[in-house]
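Trainee: For the record, in the sequence shown the residue sitting at position 94 is 937 according to the working numbering, with numbers rising by one throughout.
Quick one: structure below, then a few questions.
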Amino acid sequence: DEQGAKLSKRTGAADVMQYKDAGYLPDALLSYLARLGWSHGDQELFSRQELIDLFDVKDCNSKASRLDMAKLGWVNQHFLKTEDVASIVPHLVYQLQKLGLDVAAGPAPEDVVIALRERVQTLKEMAEKAVV
Numbered sequence: 844d845e846q847g848a849k850l851s852k853r854t855g856a857a858d859v860m861q862y863k864d865a866g867y868l869p870d871a872l873l874s875y876l877a878r879l880g881w882s883h884g885d886q887e888l889f890s891r892q893e894l895i896d897l898f899d900v901k902d903c904n905s906k907a908s909r910l911d912m913a914k915l916g917w918v919n920q921h922f923l924k925t926e927d928v929a930s931i932v933p934h935l936v937y938q939l940q941k942l943g944l945d946v947a948a949g950p951a952p953e954d955v956v957i958a959l960r961e962r963v964q965t966l967k968e969m970a971e972k973a974v975v
């Protein structure tokens with residue numbers, strides 16, 4: 844965890860669905876988690892294909908990793924800014940529906956992504972700002 848303790852179900856360790864509900868993109872979470880025990884030079888961000896091409900178990904280290912939510916937020920924000928709008932929309936729709944919003948009532952989710960992607964770190968934050 845962020846304090847350096849081992850993750851445990853008893854201490855509230857998050858599962859993948861909690862990260863989805865918190866508004867993190869799957870590829871951002873994957874890129875962040877891959878870097879916890881593995882490195883490829885100074886590169887911080889990886890697409891799925893880059894991870895497939897570059898990952899080598901020999902580059903893994905046994906040093907304990909620390910979950911850094913600020914860094915995960917930064918990684919997610921990068922993916923929000925750089926991913927194709929169409930790939931982000933389904934994840935935003937999920938967040939909007941969680942808020943009980945009728946997506947068909949507008950504005951178009953694509954327009955929301957374009958308008959807010961530079962100013963938020965998570966899709967949950969994007970959905971909340973879309974209703975203000």
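Every residue gets a Cβ at the ideal spot worked out from N, C-alpha and C, and that includes glycine.
Nothing here was measured: the structure is a model prediction, and the numbers come from that model.
Tell whether a beta-carbon distance below 7 Å holds between Asn919 and Leu868.
Mentor: Cβ distance < 7 Å, so Asn919 and Leu868 count as in contact.
Trainee: Measuring CB to CB, does Lys914 end up less than 7 Å from Arg960?
Mentor: No.
Trainee: Can you list, in chain order, the residues of its chain with a C-beta nearer than 8 Å to that of Ile931? Leave out the 5 residues immediately preceding and following it.
Mentor: The answer, listed in chain order, is Leu868, Leu923, Val956, Arg960, Leu966.
Trainee: Is His921 near Leu888, with beta carbons less than 7 Å apart?
Mentor: Yes. Within cutoff.
Trainee: Nearest CA to the CA of Gln976: which residue from Ala857, Tyr862, Trp917?
Mentor: Summary: the structure shown does not reach residue 976, with the chain confined to residues 844 through 975, and so no result is reported for it.
Trainee: Count the other C-beta atoms from every protein chain shown that fall within 10 angstroms of the C-beta of Pro933, then say buried if there are 16 or more, exposed otherwise.
Mentor: Exposed is the call here.
Trainee: In whole angstroms, what is the alpha-carbon distance linking Met969 and Lys941?
Mentor: Roughly 13 Å between the two C-alpha positions.
Trainee: In the DSSP assignment, what are the bridge partners of Trp881?
Mentor: DSSP lists Cys903 as partners of Trp881.
Trainee: Please confirm whether Pro952 and Val963 have their CB atoms less than 7 Å apart.
Mentor: Contact flag unset, no.
Trainee: What's the call for Gly866, buried or exposed, on a 16-neighbour Cβ count within 10 Å?
Mentor: Gly866 is buried by the Cβ-count criterion.
Trainee: For the alpha helix (DSSP H) holding Val936, just list the boundary residues, first then last.
Mentor: Val936 -> alpha helix (DSSP H) spans 928-941.
Trainee: Report the rounded CA-to-CA distance for Leu897 versus Val928, giving the unit in angstroms.
Mentor: Roughly 26 Å between the two C-alpha positions.
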